[in-house]
Amino acid sequence: MKKITRILLAFTLILGVTLGFSGRAFADDTYAGDGDYEVSVFHNSSMTTKPMKGKVDEVFERAVVVRNPNGKYKVTFYTNPITYMGFSGEVIKITMMGSNNPIVSSTPPVFTLNDVDMQLDNGTLKADNVSCEMKIMKFIHKNVKVFLKLTKF
């Protein structure tokens, strides 16, 4: 009888641990829902360094994300003017990948991009190879390649 009890206890423990891990993995890749997202901007794919000393983060006020039925996303970025090294400027164009074609929006200060490819990771959305073209001092154009992480407010 003790042997059967130990086997059942071991089976229950293994089943519980297995379901716990699978439930955690399922929860990590769930979409947080449509709405407002905070935008974090990174210089590299490991998401550890910030471009232009963190000034690009200040440009993005927020993003509004809507998931399309095809699994792609409609993303609307709201931006602010930038001050870099004492000079003022703004983002004038954002390019993201979607359906094997780059999707471009050049309507500052609100940029809307349809059918954008993004990756789900721990309830956040990530986009790599995003290009932000900025105009500084009204005539200097700077193109910054960034990685974006969108977190639900």
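Residue numbers (our numbering): 1120 to 1272.
Don't be surprised by glycine CBs; every beta carbon is placed ideally from N, CA and C.
Check                                                                                                                                                   : Outcome
Nearest to Pro1221 by alpha carbon, out of Asp1247, Thr1243, Asp1176?                                                                                   : Asp1247
Can you round the beta-carbon distance between Met1265 and Val1175 to whole angstroms, since I take them to be within the 8 Å contact cut?              : The question names Met, but residue 1265 is Val in the sequence shown. That belief holds up - the Cβ atoms of Val1265 and Val1175 are roughly 6 Å apart, short of 8 Å.
Does the segment 1183-1192 come close enough to the segment 1202-1214 that 3 or more CB-CB pairs lie under 8 Å?                                         : no
Could you tell me the distance, in whole angstroms, from the CA atom of Lys1257 to the CA atom of Val1229?                                              : 18 Å
Keeping to the same chain, check which residues put their C-beta closer than 7 Å to that of Phe1179; ignore five residues upstream and five downstream. : Val1158, Val1160, Phe1196, Thr1198
If you drop the 5 nearest sequence neighbours on each side, which residues of the same chain put their C-beta closer than 7 Å to that of Glu1177?       : Asn1199, Ile1201
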